[in-house]
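Chemist: Take a look at this one; I'll ask things after.
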Amino acid sequence: MLKKAVIAGCVFILLCASCPVVQAQEEFVDQPSQELTTVPFTQLTGGILILHARLGDLPDTLNFILDTGSSGISLDSSTAARLQLKPIPTERTIRGIASMHKVSFLYNQTLHFPGLSIQHLDFHINDYTIITAVYGEKIDGIIGYSVLSRYILKIDYDKHEVTFCSNGSLRYPRGGYILRPSFRKLVSQPLRVKDAKKVYSDFLFDLGAGLCMLFSKNFIHDTELLSGKRKKWNKQGEGLGGKLDMELTVIKEVKVGPYRFRKVPVYIFNDDYNVTSYPAMGGLLGNDIMRRFNVVLNYHNGEIFIKPNKHYNENFDYSYSGVELYLVNGIIVVGDIAKGSPAEAAGLREGDQVLGVNKDFSQNLNAYKIALQAAKENVKFYIQRNGDLIDIEFKILSII
1 MLKKAVIAGC VFILLCASCP VVQAQEEFVD QPSQELTTVP FTQLTGGILI LHARLGDLPD
61 TLNFILDTGS SGISLDSSTA ARLQLKPIPT ERTIRGIASM HKVSFLYNQT LHFPGLSIQH
121 LDFHINDYTI ITAVYGEKID GIIGYSVLSR YILKIDYDKH EVTFCSNGSL RYPRGGYILR
181 PSFRKLVSQP LRVKDAKKVY SDFLFDLGAG LCMLFSKNFI HDTELLSGKR KKWNKQGEGL
241 GGKLDMELTV IKEVKVGPYR FRKVPVYIFN DDYNVTSYPA MGGLLGNDIM RRFNVVLNYH
301 NGEIFIKPNK HYNENFDYSY SGVELYLVNG IIVVGDIAKG SPAEAAGLRE GDQVLGVNKD
361 FSQNLNAYKI ALQAAKENVK FYIQRNGDLI DIEFKILSII
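Here you go:
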């Protein structure tokens with residue numbers, strides 16, 4: 001009996017000796033993040049987000065683009081003048097995709113959302129006339145790093161809502177992926193792009209860009225990314241500081257985390273103002289890709305959580321008409337016409353007043369731009385030129 005007890009005791013000791021020792025793990029953790037307020041947003045062409053807020057004690061509701069490609073927060077110069085605000089000139093310089101210039105500031109301002117007031121904000125002043133004309137909506141300013149760094153933002157493209165949360169520990173939903181980009185005042189995300197070859201590079205994570213991707217010409221030249229058979233289409237682009245000439249083409253694949261997008265339309269531009277800081281970055285990743293995810297921006301933890309939403313499998317825009325439309329003083333006009341484009345061949349001219357498109361006389365700029373996305377379909381313009389009423393019809397091309 002004693003022998004059996006000794007053997008059993010030895011077995012117990014051996015079993016205990018073979019078990020891993022688990023010591024108590026101790027770490028300091030942040031307080032749980034709390035939801036502060038949820039606000040609706042308006043979505044424009046290319047996935048651009050417009051948030052509505054008030055400035056200081058002023059009663060006007062203003063329109064702000066939510067933009068991870070902005071290193072601060074800004075107000076349109078015409079809005080500042082209309083509200084009789086007094087910006088202070090400075091020697092500080094702002095760099096945009098199409099210009100570089102000194103800016104004035106409005107210091108120590110408060111921005112009010114329903115349920116949330118954000119204090120001690122320094123707004124720089126910029127001219128957003130072109131952006132307003134492009135989208136047909138008055139753009140009063142841009143919300144960037146100055147706000148994004150203070151909160152965790154949950155962006156729901158299915159519900160068209162943004163939820164502001166306090167910084168703190170946060171459990172993400174199941175079924176998504178955590179990106180860990182480089183966070184400074186701008187966000188740099190590693191991506192893999194593929195066409196003639198696979199190329200790995202960092203790209204500016206830019207929710208304020210209404211396109212899929214934008215590459216610098218230096219990046220395209222040095223990496224030899226593009227297949228020699230790729231056709232390029234002339235295109236006019238608009239950004240902070242003005243207009244710029246670009247080229248439109250398609251690449252085989254863009255990979256964001258584990259998610260792959262194929263036959264992606266991309267733009268190529270000459271980065272005169274070194275916005276991409278090449279070779280540090282090859283270009284930017286825009287919101288026509290990122291709108292296909294619900295996104296959590298967590299600057300505090302250095303994370304961006306993405307989860308595919310109902311827009312994930314939507315087709316990309318492969319249309320090419322070569323015409324830009326602008327809303328100027330309440331009138332829709334034909335802007336730049338690309339050389340060799342269907343619009344140029346059909347006889348559209350810059351400055352033509354657009355009365356209607358495809359028998360739609362609503363004067364809704366966004367509706368007309370959607371009509372121009374119907375690749376391989378005919379589109380009919382009803383215009384006024386020098387007092388004459390003219391109709392012009394042409395076929396929209398497809399870039400694939």
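Under this note's numbering, the sequence shown is numbered contiguously, ending at residue 400.
All residues carry an ideal CB built from backbone N, CA and C; glycine is no exception.
What's the C-alpha gap between VAL275 and SER71?
Modeler: On the sequence shown, position 275 is the one that residue 275 refers to. On the sequence shown, position 71 is the one that residue 71 refers to. Their backbone Cα atoms lie some 12 Å apart in a straight line.
Chemist: For PRO181, collect the residues of the same chain with a Cβ closer than 7 Å to its Cβ; drop the 5 residues on either side in sequence, then sort them by chain order.
Modeler: Here residue 181 refers to the residue found at position 181 of the sequence shown. Only VAL187, SER188, GLN189, PHE205, ILE304 meet the Cβ criterion.
Chemist: For GLY335, does the three-state DSSP call read helix, strand or coil?
Modeler: Here residue 335 refers to the residue found at position 335 of the sequence shown. Residue state, collapsed to three classes: strand.
Chemist: Residues in its own chain within less than 6 Å of PHE261 by CB, not counting five upstream and five downstream?
Modeler: Translated into positions along the sequence shown, residue 261 becomes position 261. Here the set comprises VAL254.
Chemist: Looking at the structure shown, is ILE130 part of a helix, part of a strand, or coil, going by DSSP?
Modeler: The residue labelled residue 130 in the question sits at position 130 within the sequence shown. In this structure, ILE130 counts as helix in the three-state DSSP scheme.
Chemist: What residue does the alpha helix (DSSP H) around LEU365 start on, and which one ends it?
Modeler: Indexing the sequence shown from 1 puts residue 365 at position 365. It spans 365 to 371 - the alpha helix (DSSP H) in which LEU365 sits, taken as one unbroken run.
Chemist: Pick out whichever of GLY356, THR90, LYS263 has its Cα sitting closest to the Cα of ASP391.
Modeler: For the purposes of this step, residue 391 is taken as the residue at position 391 of the sequence shown. Comparing alpha-carbon positions, the option among GLY356, THR90, LYS263 lying closest to ASP391 turns out to be GLY356.
Chemist: Our contact map puts THR38 next to GLU161 with C-beta atoms below 8 Å; I'd like the distance itself, whole angstroms only.
Modeler: Counting from 1 along the sequence shown, the entry for residue 38 is found at position 38. Counting from 1 along the sequence shown, the entry for residue 161 is found at position 161. About 5 Å separates the two Cβ atoms, so the contact holds.
Chemist: Could you compute how far the alpha carbon of ASP60 sits from the alpha carbon of TYR107?
Modeler: Locating residue 60 in the sequence shown gives position 60, counting from the first residue. Locating residue 107 in the sequence shown gives position 107, counting from the first residue. Their backbone Cα atoms lie some 19 Å apart in a straight line.
Chemist: Answer with buried or exposed for SER33, where buried requires no fewer than 16 other C-beta atoms within 10 angstroms of its C-beta.
Modeler: As a first step, residue 33 is located in the sequence shown; it is residue number 33 there, counting from the start. Counting Cβ neighbours within 10 Å, SER33 comes out buried, since at least 16 surround it.
Chemist: Take TYR382 as the anchor and find which of GLN363, SER169, LEU83 has the nearest alpha-carbon.
Modeler: Start at 1 with the first residue of the sequence shown, and residue 382 comes out as number 382. It is GLN363.
Chemist: Among all the DSSP beta bridges, which residues are the ones paired with ASN298?
Modeler: In the sequence shown, the residue the question calls residue 298 occupies position 298. The partner list for ASN298 (beta bridge, DSSP) reads ILE152, GLU303.
Chemist: For THR68, which three-state DSSP category applies?
Modeler: For the purposes of this step, residue 68 is taken as the residue at position 68 of the sequence shown. DSSP places THR68 in coil when its eight states are reduced to three.
Chemist: Between which two residues does the alpha helix (DSSP H) carrying ASP222 extend?
Modeler: To locate residue 222, count along the sequence shown from 1; it is residue 222. Its alpha helix (DSSP H) spans residues 217 to 223.
Chemist: When the Cα of ASN366 is compared with those of ILE48, PRO308, GLU35, which residue comes out closest?
Modeler: In the sequence shown, the residue the question calls residue 366 occupies position 366. Ranking ILE48, PRO308, GLU35 by Cα distance to ASN366 puts ILE48 first.
Chemist: Are the beta-carbon atoms belonging to GLU247 and LYS229 less than 8 Å from one another?
Modeler: What you label residue 247 is simply residue 247 of the sequence shown in a count that begins at 1. What you label residue 229 is simply residue 229 of the sequence shown in a count that begins at 1. For GLU247 and LYS229, no; Cβs fall outside 8 Å.
Chemist: Identify whether TYR273 lies in helix, strand or coil by the three-state DSSP scheme.
Modeler: Working through the sequence shown from its first residue, we reach residue 273 at position 273. Residue state, collapsed to three classes: coil.
Chemist: Identify which residue in GLY96, ALA209, ASP127, VAL323 has its Cα closest to the Cα of GLY340.
Modeler: Numbered from its first residue, the sequence shown carries residue 340 at position 340. Among GLY96, ALA209, ASP127, VAL323, the Cα nearest to that of GLY340 is on VAL323.
Chemist: DSSP three-state call for TYR312: helix, strand or coil?
Modeler: Translated into positions along the sequence shown, residue 312 becomes position 312. Correct three-state label for TYR312: coil.
Chemist: Output the boundary residues of the beta strand (DSSP E) element that contains SER104.
Modeler: Translated into positions along the sequence shown, residue 104 becomes position 104. Looking at the DSSP string, the run of the beta strand (DSSP E) that includes SER104 is 100 to 113.
Chemist: Would you please state the rounded distance, in angstroms, between the beta carbons of CYS212 and ASP288? I believe it to be under 8 Å.
Modeler: To locate residue 212, count along the sequence shown from 1; it is residue 212. To locate residue 288, count along the sequence shown from 1; it is residue 288. Going by Cβ atoms, the distance from CYS212 to ASP288 rounds to 5 Å, so yes, they are a contact pair.
Chemist: Tell me, please, which residues DSSP counts as bridged to VAL323.
Modeler: Reading the sequence shown from its first residue, position 323 is the one you call residue 323. In DSSP, VAL323 forms a bridge with ILE337.
Chemist: Tell me which same chain residues have a C-beta within less than 7 Å of the C-beta of ILE331, skipping the five on either side of it?
Modeler: Residue 331 sits at position 331 when you count from the first residue of the sequence shown. If we look at ILE331 and ignore the five residues flanking it on each side, its Cβ neighbours are GLN353.
Chemist: Opposite ASN63 in the DSSP bridges: which residues?
Modeler: Within the sequence shown, residue 63 is the residue found at index 63, counting from 1. Note: ASN63 sits in a beta bridge opposite HIS52.
Chemist: In three-state DSSP terms, what is PRO342?
Modeler: Walking along the sequence shown from the start, residue 342 turns up at place 342. In the structure shown, PRO342 sits in a helix (DSSP, three-state: H, G or I).
Chemist: Considering only the alpha carbon of each residue, which of ARG349, ASN329, ASN386 lies closest to VAL134?
Modeler: Mapped onto the sequence shown, residue 134 falls at position 134. That would be ASN329, whose Cα lies nearest to the Cα of VAL134.
Chemist: Which residues in the same chain as ARG292 place their Cβ atom closer than 6 Å to its Cβ, once the five residues preceding and following it in sequence are excluded?
Modeler: Start at 1 with the first residue of the sequence shown, and residue 292 comes out as number 292. Same-chain partners within the cutoff: HIS311, TYR312.
Chemist: For LEU15, does the count of other Cβ atoms within 10 angstroms reach 16, so buried, or fall short, so exposed?
Modeler: By 1-based counting over the sequence shown, the position of residue 15 is 15. The predicted position of LEU15 is uncertain, since its pLDDT is 37 and thus under 50; no value can be drawn from it.
Chemist: Where does SER362 sit, in a helix, a strand or coil, going by DSSP?
Modeler: Taking the first residue of the sequence shown as 1, we reach residue 362 at position 362. Of the three classes helix, strand and coil, the one that applies to SER362 here is coil, per DSSP.
Chemist: Does ALA280 pass the burial test, meaning 16 or more other C-beta atoms within 10 Å, or should it be called exposed?
Modeler: As a working mapping, residue 280 is identified with position 280 in the sequence shown. The residue is exposed, with fewer than 16 neighbouring Cβ atoms inside 10 Å.
Chemist: Quick one: what does DSSP say ARG82 is sitting in, helix, strand or coil?
Modeler: As a working note, residue 82 is residue 82 in the sequence shown. If DSSP states are grouped into helix, strand and coil, ARG82 belongs with the helices.
Chemist: By the 10 Å Cβ neighbour count, where 16 or more other Cβ atoms means buried, how is ILE125 classified, buried or exposed?
Modeler: By one-based count along the sequence shown, residue 125 stands at place 125. The residue in question, ILE125, is buried, as its Cβ has 16 or more Cβ neighbours within 10 Å.
Chemist: Using a Cβ-based criterion (distance less than 7 Å to any ligand heavy atom), does TYR267 qualify as near the ligand SAM?
Modeler: This structure does not include the ligand SAM; it has no bound ligands of any sort.
Chemist: In angstroms, rounded to a whole number, what distance separates the CA positions of MET290 and ILE155?
Modeler: As a working note, residue 290 is residue 290 in the sequence shown. As a working note, residue 155 is residue 155 in the sequence shown. Going by the C-alpha atoms only, they are around 10 Å apart.
Chemist: Let's see if you can read the secondary structure: which residues bound the alpha helix (DSSP H) around ASN329?
Modeler: The sequence position of residue 329 within the sequence shown is 329, counting from 1. No alpha helix (DSSP H) holds ASN329; DSSP gives it neither H nor E.
Chemist: Ignore the nearest five residues each way along the sequence and tell me which others in LEU51's own chain have a CB closer than 6 Å to its CB.
Modeler: As a first step, residue 51 must be located in the sequence shown, where it is residue number 51. Here LEU51 has PHE41, PHE64, LEU66 as same chain residues with Cβ atoms under 6 Å from its own Cβ, once five neighbours each way along the sequence are excluded.
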